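> From first to last, the protein sequence lines stand for chains L and E.
For the first sequence, the residue numbers in the numbering used here are 10 to 123.
For the second sequence, the residue numbers in the numbering used here are 34 to 148.
Would you mind keeping the following structure in view while I ask a few things?
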Amino acid sequence: QKEVEQDPGPLSVPEGAIVSLNCTYSNSAFQYFMWYRQYSRKGPELLMYTYSSGNKEDGRFTAQVDKSSKYISLFIRDSQPSDSATYLCAMSANRGSTLGRLYFGRGTQLTVWP
Amino acid sequence: DAGVTQSPTHLIKTRGQHVTLRCSPISGHKSVSWYQQVLGQGPQFIFQYYEKEERGRGNFPDRFSARQFPNYSSELNVNALLLGDSALYLCASSLLVAGGRETQYFGPGTRLLVL
Numbered sequence: 010q011k012e013v014e015q016d017p018g019p020l021s022v023p024e025g026a027i028v029s030l031n032c033t034y035s036n037s038a039f040q041y042f043m044w045y046r047q048y049s050r051k052g053p054e055l056l057m058y059t060y061s062s063g064n065k066e067d068g069r070f071t072a073q074v075d076k077s078s079k080y081i082s083l084f085i086r087d088s089q090p091s092d093s094a095t096y097l098c099a100m101s102a103n104r105g106s107t108l109g110r111l112y113f114g115r116g117t118q119l120t121v122w123p
Numbered sequence: 034d035a036g037v038t039q040s041p042t043h044l045i046k047t048r049g050q051h052v053t054l055r056c057s058p059i060s061g062h063k064s065v066s067w068y069q070q071v072l073g074q075g076p077q078f079i080f081q082y083y084e085k086e087e088r089g090r091g092n093f094p095d096r097f098s099a100r101q102f103p104n105y106s107s108e109l110n111v112n113a114l115l116l117g118d119s120a121l122y123l124c125a126s127s128l129l130v131a132g133g134r135e136t137q138y139f140g141p142g143t144r145l146l147v148l
């Protein structure tokens with residue numbers, strides 16, 4: 010079992026739709042959770058960062074963490090064609106030999122069509 | 034401010050050759066991490082360096098090595114290249130803060146093709 014599971018999609022939605030992206034994880038040592046956006050053949054760009062359970066909002070993006078279920082989500086409201094990209098969840102521990110190492114899901118490919 | 038820079042952007046090598054990839058972190062960042070991203074997969078951790086010391090190493094063979102220089106730039110070296118080493122190699126820089134909390138910012142990557 011991989012430490013971080015993410016449905017690769019692809020996910021295709023019309024412009025203006027609400028998008029829900031999810032990841033599950035198995036390692037209870039993970040304390041920091043991130044979402045990166047990666048356009049084709051580019052490096053990942055940090056979108057959201059959170060270190061506690063609950064919701065964090067930034068414009069059209071909301072990150073949600075449920076540590077009890079080991080489940081994180083990213084919601085995109087009023088999706089735009091420019092949101093078309095691969096979304097990667099990532100997480101890290103705050104202690105031990107893996108401190109500082111990011112564990113990534115395989116990414117979900119999103120297409121928003123006009 | 035400039036972000037993380039990597040060179041070269043693209044590289045084609047043949048099996049058995051050696052390759053060196055370079056990374057310059059964001060100004061003020063003292064930590065550099067390297068990741069390998071195979072097509073269709075998420076990045077996999079290779080190394081992290083902080084203040085020129087290796088801080089972590091992923092599950093990669095000894096053919097992979099890295100170092101960090103006094104100006105915090107870094108090199109990733111891969112010897113005896115295999116076809117399976119074809120991937121996007123990503124460098125990330127970060128600012129370590131108390132409690133282990135850090136945010137990693139990625140460069141554009143070096144796309145390596147091994148023939």
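Each residue gets a CB set at the ideal place from its N, CA and C atoms; glycine is no exception.
Computed from a prediction, not measured in an experiment: that's the story for all the values here.
Give a yes or no on whether the minimum CB-CB distance between E135/E and chain L is below 8 angstroms.
If you number the second sequence from 1, residue 135/E lands on position 102. Cβ-Cβ to chain L under 8 angstroms: yes for E135/E.
> Can you give me the C-alpha to C-alpha distance between P19/L and Y96/L, rounded to a whole angstrom?
If you number the first sequence from 1, residue 19/L lands on position 10. If you number the first sequence from 1, residue 96/L lands on position 87. Using only the alpha carbons, I get a separation of about 11 angstroms.
> Within the 8 angstroms Cβ cut-off, does Y138/E reach chain L?
By 1-based counting over the second sequence, the position of residue 138/E is 105. Yes, Y138/E counts as interfacial toward chain L.
> Considering only C-alpha positions, which residue in the set L109/E, H43/E, S126/E, A99/E is nearest to E135/E?
As a position in the second sequence, residue 135/E is number 102, starting the count at 1. When each option's Cα is compared against that of E135/E, the closest is S126/E.
> Measure from the C-beta of F113/L to each C-beta in chain E and report whether the shortest distance is under 8 angstroms.
Residue mapping note: residue 113/L aligns to position 104 of the first sequence, counting from 1. Cβ-Cβ to chain E under 8 angstroms: yes for F113/L.
> Between Y58/L and chain E, is the shortest Cβ-Cβ distance under 8 angstroms, so that the two count as touching?
The sequence position of residue 58/L within the first sequence is 49, counting from 1. It does; some Cβ of chain E falls within 8 angstroms.
> Identify which residue in R90/E, Q69/E, S64/E has its Cα closest to the Cα of E84/E.
As a position in the second sequence, residue 84/E is number 51, starting the count at 1. Of the listed residues, the one whose Cα sits closest to E84/E is S64/E.
> Hey, is L123/E's beta-carbon within less than 8 angstroms of any beta-carbon in chain L?
Counting from 1 along the second sequence, the entry for residue 123/E is found at position 90. Closer than 8 angstroms: yes.
> Please go through the same chain and pick out, in chain order, the residues whose beta-carbon is closer than 6 angstroms to the beta-carbon of F80/E, but skip the five residues on each side of it.
By one-based count along the second sequence, residue 80/E stands at place 47. Once the five neighbours on either side are set aside, the close Cβ partners of F80/E are W67, R90, A99.
> Just curious, the beta strand (DSSP E) that G61/E is in, first and last residue?
Position 28 of the second sequence, counted from the start, is the residue given in the question as residue 61/E. Run containing G61/E: none; DSSP gives neither H nor E here.
> What is the residue span of the beta strand (DSSP E) that I27/L lies within?
Position 18 of the first sequence holds residue 27/L. From DSSP, I27/L is part of no beta strand (DSSP E); its letter is neither H nor E.
> Is there a C-beta anywhere in chain L that falls below 8 angstroms from the one on R88/E?
By one-based count along the second sequence, residue 88/E stands at place 55. Chain L, which has a Cβ nearer than 8 angstroms to the Cβ of R88/E, makes this yes.
> Hey, is F97/E's beta-carbon within less than 8 angstroms of any beta-carbon in chain L?
Taking the first residue of the second sequence as 1, we reach residue 97/E at position 64. By this cut-off, F97/E is not an interface position.
> Below 8 angstroms, how does it come out for the segment 36–56 of chain E and the segment 108–122 of chain L: are there three or more Cβ pairs, yes or no?
Touching, no.
> May I have a chain-ordered list of the beta strand (DSSP E) segments no shorter than 3 residues that lie completely inside the segment 105–134 of chain E?
107–111, 120–127
> Please check the pair Q73/L and I85/L, which I expect to be a contact at CB under 8 angstroms, by giving their CB distance rounded to whole angstroms.
Sequence index remark: in the first sequence, residue 73/L carries index 64 (1-based). Sequence index remark: in the first sequence, residue 85/L carries index 76 (1-based). No, Q73/L and I85/L are not in contact; Cβ-Cβ is about 12 angstroms, not under 8 angstroms.
> If you draw a straight line from the alpha carbon of S29/L to that of S21/L, how long is it in whole angstroms?
Numbered from its first residue, the first sequence carries residue 29/L at position 20. Numbered from its first residue, the first sequence carries residue 21/L at position 12. In a straight line, the C-alpha of S29/L is about 11 angstroms away from that of S21/L.
> Going straight from the alpha carbon of L146/E to that of V52/E, what length do you get?
Residue 146/E sits at position 113 when you count from the first residue of the second sequence. Residue 52/E sits at position 19 when you count from the first residue of the second sequence. C-alpha separation (whole angstroms): 11 angstroms.
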